[in-house]
Every structure is written in structure tokens, then in C-alpha cells.
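Participant:
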Amino acid sequence: MNRRLILALAAATALTACGKPSSQSAAPARKEVVFSILSAESQTSAEKDWAPFLADMSKAIGAPVKAYYGSNYTALIEAMRFKQTDLGWFTNQSGLEAVRRANGEVFARSVNPTGIDGYEAVIIVKAGSGLTLDRILKCDKSLNFGMGDPKSTSGTLAPMTYLFAPRNIDPASCFKTVRSANHETNLFSVAGGMLDAATNNTASMDRLKLLNTDVAKNTLKNVEIVWRSPRIPEDPLVWRKDLDPALRKKLADFMFGYGVGDTPEAARQRAILEKIQTKPFVHADDSHLIPVREMEATNHLIEARNRKDAAAEQKAQADLAEIAREKAAAPK
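Under our numbering, the first residue of the sequence shown is numbered 1141, with each subsequent residue one higher.
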């Protein structure tokens, strides 16, 4: 089934679902499992990297596993909400939205293959341009800037929380133009001079480095980082809470055993995982999202103070206090 037909069926299902019971109701029985993936780079590249992993999952659980590729996280969240997908790999912020709106639950997280736990949001400029962070923050509406997907942790939330909001800067009124795109598009746009600066993250840049092609090498050579965020937790994997318990067990057995051990088969599996930029997955739960909730609430607090909204400020402070209690109670 081609992607155009998949999207058409998804749209029809979403429209039909408007007249059906809430997405919180029991999931209908289905013969296949659908795994959602953001095609942050080209879908062709994503399919090549993910196909062996999904094939192994299908063999392990004894059911067909199909990929659902989305061009943005909102599409993936809505697909899970309307039960078009069963589980998937999300960013922290989009994972939080899937938990809040799509009856989702964090059950695992990725592990950075570099051995460094977590990644950083960055702002990149063209190498040799002389463009500095101070010049970017001057906000004279002379620069073309690239933001990430609105649901992207590193592409939007982290830069807003740690860089723009504390300075009372609204990117829309700061820059000549603001374009929203995935990390790969922003990276190539800055390297090619179509954007003056853009958000990105170290994981995306590491992924490009792994390609080891002339295009990848030249692109990375033509950009430089002028700002880094504090470290962001690795990405969560989310499944729907209403999945059949027997299926959940099969999925968990596969996910947490895949690539584990010192056998030739485990080594083959780890090589596949490296292509999707992770080591073997580890257990996680919704407490994994506490840091992104803290970022979100901090951003809300700064924005409320900037616009002198006492009620919104009080709510943000209450949210931060609750998050602090949860952090204290969470397993170390």
C-alpha cells in the first residue's frame, strides 16, 4: 500500500471517528500492529533504516507490523488518538502530548549509541558567516530563521524555554521570516544559505555524520553551532494503554530483548539499532516526561511574567511545585 493511500485512509478514518465513541474506549481487534515513525529525514531513508527492525518485530510477535510514517508529530499524535497506530517513537514533547491526548503511555526509551545519555538542542549558522548569537538576539527583523516542528522538544520547546522566553523574545516578531521544518531541512537550508540560522539538535547532526557521504560531510562542514541547550533526555517510546495485555507482553519481550547479549544474532540486531540511532531499548514510564513537563511549565512561567499575567503565573508556579514533588518521589 503506498503512502498516499495510507494517508487517504487515515483521513477518512479520522473523519469517521468524529461520530464514534471516544478514543479512550476499547480498541477494535486488528490483525496487524502499526508502529509510528516521524520521517524527520527523507521517508526513503527512514524506510531503509527501519524495515529490518520492524521485520524482526513482526517475526517475534507473530503478527504483521507496518510502519506509519508522518511528516510531523501532530499527525502521529492524531493517528494514535484515533487508533490508527499502536505504538511509536516520539520526542519528549510529542510523547507528552500522546500521553495527554491519545491515551498513550511511555514504556521504553532510546539509548544514545555514543554512550552520552541525552542530547542538546542547538542553533546553527552557516560556517564562516560571522553570525553570532548576540547578532541573532538583536531582533532587527533582518534574518531568516528556521524553527522545528511545533511539537519538537529540541526544535521549538527547548530554544523557547532556555533562550527566547527568558529574554522576552517572540521569534515571529524578532526575525524577517520564521519557517517551521524538520531538522534535516533546517540543516540543509542553513548550509545552503537559504536560512541565516535555525534550530537543530546534536542527535540529528550525529545521524547525518553516520551516513559518511560526501553530501553529509559537506553539509556538516558548512554549519557551526552558536548556542546549546542544557541536556535533554533521550526519546520515549509510547504505546496505547488499551492494547491487549498479551500483545503488550509480546512487544515488551521483543523490545527489551532485542540486541541484548553476546551472540552473533544480538550483534546483528545491535547493528540494526545503530541505524535508527539507539542502543538496546530500556524500560521507562511516564516519569520519563517529568523534565519536559518542567521545561514546559518554566516556559509558561516566563511568558506569564513577561506579559504580567498574574493568574497564569500562579498556575505555572503551581505546576512547577507539583513537578518538584513528583521528581522527589520518582525512583532514582
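By construction, the Cβ of each residue, glycine as well, lies at the ideal position given by its N, Cα and C atoms.
(1) Use the C-beta contact count for Val1378: other C-beta atoms within 10 angstroms, 16 or more gives buried, fewer gives exposed.
(2) So what does Lys1206 bridge to, in DSSP terms?
(3) Take every Cβ of the region 1298-1315, pair it with every Cβ of the region 1351-1369, and state whether three or more of those distances are shorter than 8 Å.
(4) Tell me whether the beta-carbon of Arg1239 lies closer than 8 Å to the beta-carbon of Leu1383.
(5) Between which residues of its own chain and Ile1416 is the CB-CB distance below 7 Å, once the five residues before and five after are set aside?
(6) Contact defined as beta carbons within less than 8 Å: I believe Ala1203 pairs with Lys1223. What is the distance between those atoms, to the nearest angstrom?
(7) Grab me the residues of Asp1257's own chain with a C-beta within less than 6 Å of its C-beta, minus the 5 sequence neighbours each way, in chain order.
(8) Please list the terminal residues of the continuous beta strand (DSSP E) segment that includes Gly1228.
(9) What number of angstroms, rounded off, separates the C-alpha of Lys1199 from the C-alpha of Leu1350?
(10) Can you tell me where the beta strand (DSSP E) holding Leu1283 begins and where it ends?
(11) List the whole-angstrom C-beta distance separating Leu1216 from Ser1176, where the pair is believed to meet the contact cut-off of C-beta under 8 Å.
(12) Just the C-alpha distance for Glu1436 and Leu1297, rounded to the nearest angstrom, thanks.
(13) Nearest to Gly1270 by alpha carbon, out of Lys1206, Pro1376 and Gly1333?
(14) Bridge partners for His1423 per DSSP, in chain order?
(15) Could you check if Pro1404 is buried or exposed, using at least 16 other CB atoms within 10 Å of its CB as the buried criterion?
(16) How many angstroms separate the CA atom of Ser1165 from the CA atom of Ala1450?
(17) Within the region 1285-1324, note down every full beta strand (DSSP E) run reaching 3 residues or more, in order along the chain.
(18) Could you have a look at Arg1371 and say whether DSSP puts it in helix, strand or coil?
(19) Output the distance between the C-alpha atoms of Ser1344 and Asn1232, rounded to the nearest integer angstrom.
(20) Residues in its own chain within less than 7 Å of Lys1467 by CB, not counting five upstream and five downstream?
(21) How about Lys1285 and Pro1311: do their beta carbons lie closer than 8 Å?
(22) What are the boundary residues of the alpha helix (DSSP H) that Ala1392 is part of?
(23) If you check the beta carbons only, do His1323 and Gly1288 fall under 8 Å apart?
(24) Where does Ala1468 fall in DSSP's three states?
(25) Per DSSP, what kind of secondary structure is Ile1463 in: helix, strand or coil?
(26) Alpha carbon to alpha carbon, how far is Glu1453 from Ala1461?
(27) Would you call the region 1241-1252 in contact with the region 1409-1423, where contact means no fewer than 3 C-beta pairs closer than 8 Å?
(28) At what residues does the beta strand (DSSP E) containing Arg1380 begin and finish?
(29) Using DSSP with H/G/I as helix, E/B as strand and the rest coil, what is Asn1212?
(30) Of all the options Phe1396, Leu1335, Glu1414 and His1423, which has the alpha carbon lying nearest to the alpha carbon of Lys1266?
Facilitator: Looking at the atomic coordinates:
(1) buried
(2) Val1174
(3) yes
(4) Checking the sequence, you will find Val at residue 1239 rather than Arg. No, Cβ-Cβ distance for Val1239 and Leu1383 is not below 8 Å.
(5) Asp1189, Trp1190 and Phe1193
(6) That belief does not hold up - the Cβ atoms of Ala1203 and Lys1223 are roughly 16 Å apart, past 8 Å.
(7) none
(8) Gly1228 -> beta strand (DSSP E) spans Leu1227 to Trp1229.
(9) 28 Å
(10) Run containing Leu1283: none; DSSP gives neither H nor E here.
(11) 5 Å
(12) Rounded to whole angstroms, Glu1436 and Leu1297 show a C-alpha spacing of 7 Å.
(13) Measuring from the Cα of Gly1270, the nearest candidate turns out to be Gly1333.
(14) Ala1248
(15) Label assigned to Pro1404: exposed.
(16) Note that Ser1165 scores a pLDDT of 48, beneath 50, so its modelled location is shaky and nothing firm can be said.
(17) 1317-1320
(18) Three-state DSSP puts Arg1371 in coil, outside helix and strand.
(19) 15 Å
(20) Ile1430
(21) It should be noted that the sequence gives Phe, not Lys, for residue 1285. Their beta carbons are under 8 Å apart, which means Phe1285 touches Pro1311 by this criterion.
(22) Pro1385 to Gly1397
(23) Yes, these two residues count as a Cβ contact at 8 Å.
(24) helix
(25) helix
(26) One C-alpha to the other measures close to 12 Å.
(27) yes
(28) Pro1376 to Arg1380
(29) Coil.
(30) Leu1335
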